[in-house]
Amino acid sequence: MKIRLWEKQRNLSATAPPPRPFRKVWGKIWLNSYKNFKRSSGQRRLGVIEAVMSDRELIEKFLDNDEDAFVGLMTKYQRLLFHTVKGVLLNNDEAQEITQEAFIRAFKKLKHLKDPDRFRSWLLRIALNLAYDRIKREADIIEFDDSFMSPTTDSEEKIIARDLAEKIKTIIGKLAPRQRMILSLHLFREMKPAEIAEILELNPATVRSNLHFAMKNLKETLHKQQVI
Amino acid sequence: MNCDEFIKVWAGKLEPFAKVSPDKLHAESNEEAEACHHLQECRRCARKIDTFDFALNLIRDEIHKEPAAAFWHNLRAEIKKQLKPAPLRQRFFSRPIFSRPIFSRQWQPVWALVPVALVTLLLLTFFPLNLVTPSRPDNIFLMSGGIPGFEYEIDSENNLTNEDDANSEIIYAAIDNWADLLAETIEINSNS
Ligand SMILES: [Zn+2]
């Protein structure tokens, strides 16, 4: 095969020094690719990002399509969101689904968030609204973990407590959705009424009365069932 | 206060009795103080409350159980996948071509075909079909140390066969951005 060297290439005179071999060029390309790869992996610098950056900074970077910021926000809030939702739904699979949906909604609407410093409450609100819709649609979604229910080597005290725990879960599952949500956040996530009110954008007095009523309902039902 | 009365008072409380400080207790109602007193005296009620708190702790432990390591990875990957915008091609074709009546004055995607059809018609009118097809080489070669315009011969393995070109080097460039690579090479050469 015959080839003709590209005519437009810079004319090289006979005295010009020999051009550098192409390997250098390949090396440069490889280096750039490696830098991009390192950048996209994100994980390495995560500790620094979490420690140094505020939510506001992470959000600004996320909106600039910075992948590290996405990973940073996820890492910072994924556990909070998942465990809070699981505390309300008492179901692992449902909690996973709602957490995923909540993050997707939040990231899609992030550019509309007016106060990025309130990201935490805003994210929790999105997730808890989804969880609320879920328990409104179907109350009986509480899962019963086998390892939780069938202890064989536990003390009598623990066996009684496990049995009581199952009854508590069943009674909570039958409460009105709003009461269920407020009571679960208080009992299992140990949130104060003021915090619940802020996240759910409810009047603190409403939260307190719902909580009081739900707690009374739970304990009196247990007493009526002669469990307590 | 008997046990039933105690349970009634306890049922209305949000905080466990143990968390109420003695100072606060004085400020509470008599009923509350009586309940506290009953709790100190009645082992049966004390055990009931302990069991209730123990049960709540068991549920908290279950809720806060850490999922498998792959869980967070998969969650993140799934969210990332869902956040990625659809490819341009997919977005274009997902729109109905005839979204409005064809003679509507408002823009619709099918109109994009009109200039394309006109240009194609024009090209086909002035150029015979075989001339429109560009003659593209199958392979692109990059070469260093060669003379512009000079013809070189290569064998089937892309080695130079000209005898006096020992200092030249030929590289088979099978990458998409070969033009950038060439430009970069020229830049390096001009700097050296
Ligand atoms: Zn008693």
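Top to bottom, those sequences are chains A and B. Okay, so the first sequence: first residue is 3 according to this note's numbering, each after it adds one. Okay, so the second sequence: first residue is 3 according to this note's numbering, each after it adds one. Glycine included, every Cβ here is placed at the ideal spot set by N, Cα and C.
- One finds A13, G14, K15 and L16 in chain B with Cβ atoms closer than 9 Å to the Cβ of M217 of chain A, taken in chain order.
- The CB of A71 of chain A never comes closer than 7 Å to any CB in chain B; the least such distance is about 13 Å.
- Using a CB distance cut-off of 9 Å, T101 of chain A counts as an interface residue toward chain B.
- Shortest gap from the CB of C38 of chain B to any heavy atom of ligand 1: 8 Å or more.
- Counting along the chain, the unbroken alpha helix (DSSP H) around C5 of chain B starts and ends at C5 to A13.
- Contacts with chain A (Cβ-Cβ distance below 8 Å) from the segment 61-87 of chain B involve I61, R62, E64, I65, H66, P69, F73, W74, L77, R78, E80, I81, K82, Q84 and L85, listed in chain order.
- For ligand 1, no non-hydrogen atom lies closer than 8 Å to the CB of F54 of chain B.
- Residue contact check for K116 of chain A against chain B: no CB pair falls below 9 Å.
- Looking at A:D57, A:V229, A:K169 and A:E96, the one whose alpha-carbon comes closest to that of K78 of chain A is A:D57.
- For G74 of chain A, there are no C-beta contacts with chain B under 9 Å, since the nearest C-beta of that chain is about 11 Å from it.
- If you look at W74 of chain B, you'll find it in the alpha helix (DSSP H) that goes A71 to L85.
- Under the three-state reduction of DSSP output, F64 of chain A falls in the helix class.
- Comparing C-alpha distances from S186 of chain A to each of B:K50, B:N59 and B:D157 shows the shortest one belongs to B:N59.
- A direct Cα-Cα distance of roughly 31 Å separates K50 of chain B from L82 of chain A.
- A distance below 8 Å between beta-carbons, with the five flanking residues on each side excluded, links K138 of chain A to the following residues of its chain, in chain order: P179.
- The residues I230, in chain order, have a CB closer than 6 Å to that of L224 of chain A in the same chain once the five nearest residues on each side in sequence are set aside.
- Taking a C-beta distance under 9 Å as the contact criterion, Q181 of chain A and L213 of chain A qualify as a contact pair.
- A57 of chain B belongs to the set of residues whose beta carbon lies under 9 Å from a beta carbon in chain A.
- At a cut-off of 8 Å, the beta-carbon of R164 of chain A does not count as near ligand 1: no heavy atom of the ligand is closer than that.
- Taking the Cα positions, L124 of chain B is about 10 Å away from P117 of chain B.
- Taking 8 Å as the cut-off, one finds no heavy atom of ligand 1 near enough to the beta carbon of N219 of chain A.
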